[in-house]
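*Asks:* What follows is a structure written as structure tokens; I'll ask about it next.
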Amino acid sequence: MATLQLHEEPLQTSWLDAYGHLNEAYYLVPFSNATWKLQDHFGIGKDYFDKTGCALYTLESHLRYVGEVRAPATLKIETAILGVDAKRLHVGHTMLCDSRECATFECMLLHYDTKAERSAPFPDAPRNALQGSILMPTPDWVGQALRRLV
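The sequence shown lines up with residues 340 to 489 when you count with our numbering.
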């Protein structure tokens, strides 16, 4: 399956640091916004939560800063489904500015029933749709740990 083009947004000047770059903390904002679009795309977003009480919670994430981002810019996010099992979803996003890769973000999400206060299996329909959308081959940056200085 190919990457999904579900989200883009303009760089906000309030996100810039003293050097005029996108501040490291704000890289996560468009990635998070893209994850919301992904959830809506597969029918497991806010409307789903309102009906079922089930949500996706982030278990862990890894953000790589690949290239400089300066204003003005439109941040385009490409999204990939990297894996799915009964209760978890592995997602990868790539941030592009002027067709140039600027950052990557991957996260492991957990399907969580907020009413029962425990993890819960995905319903069959969204799980099957997610499984059918897994990107192959997986990008080389997926699953990398922080480099050690030893």
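Heads up, the beta-carbon is just placed ideally off N, CA and C, and yes, glycines get one too.
Can you look up G341 in the DSSP assignment and give me helix, strand or coil?
*Replies:* The sequence shown places Ala at residue 341, not Gly. In the structure shown, A341 sits in coil (DSSP, three-state: anything other than H, G, I, E or B).
*Asks:* I need the DSSP call for Q415, collapsed to helix, strand or coil.
*Replies:* Before going on, a small fix: residue 415 reads as Lys here, not Gln. Three-state result, K415: strand.
*Asks:* Who are the near neighbours of G384 in its chain, counting only those whose CB is closer than 6 Å to its CB and skipping five residues on each side?
*Replies:* Excluding sequence neighbours, G384 sits near Q378.
*Asks:* Less than 6 Å between C-beta atoms, sequence neighbours within five positions excluded: which residues of the same chain meet that for E399?
*Replies:* Same-chain partners within the cutoff: M447.
*Asks:* So, with DSSP's three-state summary, where would you put P476?
*Replies:* Coil at P476, not helix or strand.
*Asks:* Tell me which same chain residues have a C-beta within less than 6 Å of the C-beta of L343, skipping the five on either side of it?
*Replies:* Result list for L343: T418, in chain order.
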